[in-house]
Each structure stands twice: as C-alpha cells, then as structure tokens.
Amino acid sequence: MIFNTFLFLKGISASTEEKLWSLGIQDWECFLAARTIPGISQKRKQAFNACIKEAKHNLYSGNIEYFTGRLPAVEHWRLYPFFKTEAVFLDIETSGVEGDAYITVIGLYDGERTKTMIKGVNLDPGILKKELQRYKMIVSFNGSAFDLPYIEKRFPELLPKALHMDLRHLCARMGLKGGLKQVERELGIKRTNPIVERLYGGDALTLWKMFRATGDEYYLHLLVEYNEEDCVNLQIIAEKIMKKIQTNFYELNGSMLPLACSSSR
172 MIFNTFLFLK GISASTEEKL WSLGIQDWEC FLAARTIPGI SQKRKQAFNA
222 CIKEAKHNLY SGNIEYFTGR LPAVEHWRLY PFFKTEAVFL DIETSGVEGD
272 AYITVIGLYD GERTKTMIKG VNLDPGILKK ELQRYKMIVS FNGSAFDLPY
322 IEKRFPELLP KALHMDLRHL CARMGLKGGL KQVERELGIK RTNPIVERLY
372 GGDALTLWKM FRATGDEYYL HLLVEYNEED CVNLQIIAEK IMKKIQTNFY
422 ELNGSMLPLA CSSSR
C-alpha cells in the first residue's frame, strides 16, 4: 500500500496520483523505471526519483518520523502492512464528554495480549507513556476525533510521535459507516460473551457508574471485557479492511499495470 502512493512527493495531489495510476505508474518501482512521465518534467522526475529512494531507505530503516512529516495523516494507514507488528490497538472509556470528565479505562492490544489501565487501580500516566513509546503505530476507531485528543487533553505530552490509523475513516472509504459495533456486524465479527455483545458505548459509562456506586467488581469486569474486545476487534477489522482495499485497488487498476512494474505488489 505505501508503495502505491506518491502523496509524500512535493506538489503531488490526490488527482495527480490517480492520473499516475491511470498511466500504469502504480508503485514506486514503476515510477523509477519510467524514462518519462507525461506532465512531469525531467528535472522534477529526477528530484522525485531521489525522494522515492530516500523514502525507501527510511521505510526499511523504520524511520516513521520521515513519513509523519510528509505523508498526510489520513494516509498513514498505508504503512500498516509494513509496521503492523509494531502497532498497538487502542481504545478508551470515559466518564463522559463534559469538561470535568475523565478517562476510566485505557485498553491496549499488541496483537498478542491486552493491557488494561483503570482509573484508581493502575492507570499511571508515566507507565502509559513508556508503554506507548514501544510502538510505531497507533490504531483506533474514531481516535483522531475522540481517543487521542481526549488523552492529550488529560495527559499533555504523553502521546508519542507515532503513525496513527483511524479505522473509522478507512471503513467509511469502503462504504462501512457507523460506529464500531455497526462495522463489526457488517464484517461478521461477533463477541464471545453474549452480554458484552449487546453492549454499546453508552453502556460502558453505565457500567462504570454502577461499579463506582456499588463497589461490585462484576460491573468493572464487564467494562474491562467490553474494552478488551474493542481493542482485539480493531486488529480484526484492520486486517479485513486492508484486504478489501488491496483487492479493490488491483481490480480497478491491475489491468493497466505493466508486468515489469509488478514487483511491489
């Protein structure tokens, strides 16, 4: 996916990128191999060639800052296949959205195990900051509008300078609109606990309030399980969506792709 974009090149817009694809210049290797490209002068092409080679070097060196500074944030998803083993799937629960509201639960999933931080139990900003610094990409659902700004407001300077893939926007591109539970249903994803399966975002707040009011850990355990499944399902959604995007791209453009330029698939 990252190899198919040219948006990190200065002056290349989405429409120009689509034009390149239509010309059969659908990945970096095709661009480098082409002697001439309509609409791009030789001087610009030489400069772009150097930028592409620089991008490849930084990609294989794992230098994400190169891309966070050049690739539009909405395009960070293109780097997921490359950095998915260094990604963390993040979801938070809160006591509301008012000015005095706070984070109740922060859930993290690294693809193998979950970590849950609970207010008043083990939610330590210092430990959270250290944990997040381990990853090169954060994956969320609506995190660009909610989770990350919420964390930044409550814990300034805690978030690392990582790539961020917001699955809500990516799903919308593929015609999957609505909240996380709606997308899960559309993709055939079910939760293991029937009770948790029926819960929605507002119920997470109710569970927290019930726990605080009664001290009954049953409500806290349900809340944690709900959050954990949110995090785990983010990875499932990411994998399914990436497959859909790749399939759609090559169904639309594959017939125009020269055989000599197919190495980056």
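Here the sequence shown is numbered in the numbering used here, starting from 172 and rising by one per residue. Ideal Cβ positions, reconstructed from N, Cα and C, are used throughout, including at glycine.
So K290 is in the beta strand (DSSP E); what residue range does that whole segment cover? Mapped onto the sequence shown, residue 290 falls at position 119. Premise fails: K290 is in no beta strand (DSSP E) and is neither H nor E.
Proximity below 8 Å, CB of D262 to CB of L393: Stepping through the sequence shown from its first residue, residue 262 is reached at position 91. Stepping through the sequence shown from its first residue, residue 393 is reached at position 222. Contact: no.
What first and last residue would you give for the beta strand (DSSP E) that runs through T385? For the purposes of this step, residue 385 is taken as the residue at position 214 of the sequence shown. First-last for T385: 372-385, but that is the alpha helix (DSSP H), not the beta strand (DSSP E).
With a cut-off of 8 Å on the beta carbons, I'd call P296 and M172 a contact; round off their distance for me. As a first step, residue 296 must be located in the sequence shown, where it is residue number 125. As a first step, residue 172 must be located in the sequence shown, where it is residue number 1. No, P296 and M172 are not in contact; Cβ-Cβ is about 33 Å, not under 8 Å.
So, do the stretch 374-386 and the stretch 348-359 have three or more beta carbon pairs nearer to each other than 8 Å? no
Let's see if you can read the secondary structure: which residues bound the alpha helix (DSSP H) around F254? The residue you call residue 254 lines up with position 83 of the sequence shown. Looking at the DSSP string, the run of the alpha helix (DSSP H) that includes F254 is 251-254.
Under the DSSP definition of a beta bridge, which residues are partnered with L393? What you label residue 393 is simply residue 222 of the sequence shown in a count that begins at 1. Bridge partners of L393: none, in fact.
For E400, count the other beta carbons within 10 Å of its own beta carbon; 16 or more makes it buried, fewer makes it exposed. Which is it? For this step, residue 400 is matched to residue 229 along the sequence shown. With 16 or more Cβ atoms within 10 Å of its Cβ, E400 is classed as buried.
Taking the alpha carbon of L334 as the point to measure from, which residue in G267, I235, G278, T207 has its own alpha carbon closest? Translated into positions along the sequence shown, residue 334 becomes position 163. Nearest of G267, I235, G278, T207 to L334, Cα basis: I235.
For K216 and R241, I'd like the C-alpha separation in whole angstroms. The residue you call residue 216 lines up with position 45 of the sequence shown. The residue you call residue 241 lines up with position 70 of the sequence shown. Distance between the alpha carbons of K216 and R241 is about 18 Å.
Where does N398 land, buried or exposed, given buried means 16+ other C-beta within 10 angstroms? By one-based count along the sequence shown, residue 398 stands at place 227. Classification for N398: buried.
Once you ignore the five residues that flank L203 on each side, which residues in its own chain have a CB closer than 8 Å to its CB? Taking the first residue of the sequence shown as 1, we reach residue 203 at position 32. Same-chain partners within the cutoff: N220, I223, K224.
Quick check for students: name the residue ranges of the alpha helix (DSSP H) that lie wholly in the stretch 219-276, counting only runs of 4 or more. 235-239, 251-254
Helix, strand or coil, according to DSSP, for S311 in the structure here? The residue you call residue 311 lines up with position 140 of the sequence shown. The answer is strand: DSSP assigns S311 an E or B state.
Taking Cβ positions, are F317 and L351 nearer each other than 8 Å? To locate residue 317, count along the sequence shown from 1; it is residue 146. To locate residue 351, count along the sequence shown from 1; it is residue 180. No, they are not a contact pair.
V445 to L347, Cα distance in whole Å? Any property of residue 445 remains undetermined from this structure, which presents the chain solely from 172 to 436.
Given V268 as reference, the closest of G278, I322, K227 once Cα atoms are compared: For the purposes of this step, residue 268 is identified with residue 97 of the sequence shown, where counting begins at 1. Of the listed residues, the one whose Cα sits closest to V268 is I322.
Using the Cα positions of K415 and M345, report the straight-line distance between them to the nearest angstrom. The count along the sequence shown starts at 1 and reaches residue 415 at position 244. The count along the sequence shown starts at 1 and reaches residue 345 at position 174. Distance between the alpha carbons of K415 and M345: 8 Å.
Using only CA atoms, which one of L319, R362, T265, D281 lies nearest to G373? The residue given as residue 373 occupies position 202 in the sequence shown. It is T265.
Taking the alpha-carbon positions, what's the L250 to G270 distance? Walking along the sequence shown from the start, residue 250 turns up at place 79. Walking along the sequence shown from the start, residue 270 turns up at place 99. When rounded, the distance between both Cα atoms is 35 Å.
Let me know if Q197 comes out buried or exposed under the rule of 16 or more other beta-carbons within 10 Å of its beta-carbon. Here the question's residue 197 lines up with position 26 in the sequence shown. Classification for Q197: buried.
In the DSSP assignment, the beta strand (DSSP E) including L330 goes from what residue to what residue? Taking the sequence shown and counting its residues from 1, the one referred to as residue 330 is at position 159. It is not in any beta strand (DSSP E) - L330 carries neither H nor E in the DSSP assignment.
For L279, the three-state DSSP class (helix, strand or coil): Working through the sequence shown from its first residue, we reach residue 279 at position 108. In the structure shown, L279 sits in a strand (DSSP, three-state: E or B).
Per-residue DSSP class, three states only, for L303: Counting from 1 along the sequence shown, the entry for residue 303 is found at position 132. Three-state result, L303: helix.
Once DSSP output is grouped into helix, strand and coil, what is the label at M345? If you number the sequence shown from 1, residue 345 lands on position 174. It is coil, neither helix nor strand.
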